[in-house]
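Please read the structure below before turning to the comments.
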Amino acid sequence: MSRSFFLDRIGKKGIFRRTGRTSGVRISRSPFSLRGGFRFGLYLAGLSALVLMGPWSVYAHPPGDVKLSYLKDQQALQVTITHSTPFPGSHYVKQVQIQKNRDKPEIYEYKSQPDKSRFVYVYKMTLADGDRVDVKVFCNIYGTRTVSIVMPSPSAR
Numbered sequence: 059m060s061r062s063f064f065l066d067r068i069g070k071k072g073i074f075r076r077t078g079r080t081s082g083v084r085i086s087r088s089p090f091s092l093r094g095g096f097r098f099g100l101y102l103a104g105l106s107a108l109v110l111m112g113p114w115s116v117y118a119h120p121p122g123d124v125k126l127s128y129l130k131d132q133q134a135l136q137v138t139i140t141h142s143t144p145f146p147g148s149h150y151v152k153q154v155q156i157q158k159n160r161d162k163p164e165i166y167e168y169k170s171q172p173d174k175s176r177f178v179y180v181y182k183m184t185l186a187d188g189d190r191v192d193v194k195v196f197c198n199i200y201g202t203r204t205v206s207i208v209m210p211s212p213s214a215r
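When you line the sequence shown up against our numbering, it's residues 59 to 215, in that order.
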């Protein structure tokens, strides 16, 4: 067999190894060859994603509870949010959207949350009988929670 035969085989199949016999050459695939390397790269990328995202998935969760109440004397909507996190500067409620009836929602952005578990935001808003308010609260890592309140009409009281 000629030297070019072995070079052709190396280029197409992978690395050749001598078997100890004078006439035998064994061709083996390396996990780093072009075809095997692609699979290895996918495996490595998947493993890296699990390792890097694993700790965040433990902490990533939507807000636990959102309670709404209307403070009639102050003409304000009180939003009490429960979102427990050990790191309120890096895992927090990033946005609160308030939509009155079918109007365009008001959006309030935040860069951290004031407490590690429960906190209250108060928004100036005039509500009349029969008005509906939808509040959507967004976690900066994962999840949302939506709640609604309808102001009772005088006949329902």
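Here a beta-carbon is modelled for each residue, glycine too, at the ideal position from N, C-alpha and C.
Taking 8 Å as the cut-off, the beta carbon of residue 190 is found no closer than this to the beta carbon of residue 138. Residue 156 is classed as buried because its beta carbon has at least 16 other beta carbons within 10 Å across all chains shown. DSSP lists 138 as the bridge partner or partners of residue 125.
Of all alpha-carbon atoms in 168, 204 and 185, the one lying nearest the alpha-carbon of residue 146 is that of 168. Here residue 121 is buried, its C-beta having at least 16 other C-beta atoms within 10 Å. Under the DSSP assignment, residue 177 falls in the beta strand (DSSP E) whose first and last residues are 176-182. Of the candidates 99, 140, 170 and 202, the residue whose Cα lies closest to the Cα of residue 149 is 170. In this structure, the alpha-carbon of residue 206 lies about 10 Å from that of residue 159. Around the beta carbon of residue 100, fewer than 16 other beta carbons lie within 10 angstroms, which makes this residue exposed. Of the candidates 134, 103, 211 and 102, 211 places its Cα closest to the Cα of residue 187. If you check the CB distance, residue 142 and residue 136 do not come in under 8 Å.
Straight through space, the alpha carbons of residue 103 and residue 193 are spaced by roughly 38 Å. Here DSSP, grouped into helix, strand and coil, assigns residue 200 to coil. In this chain, the beta strand (DSSP E) harbouring residue 152 covers 151-158.
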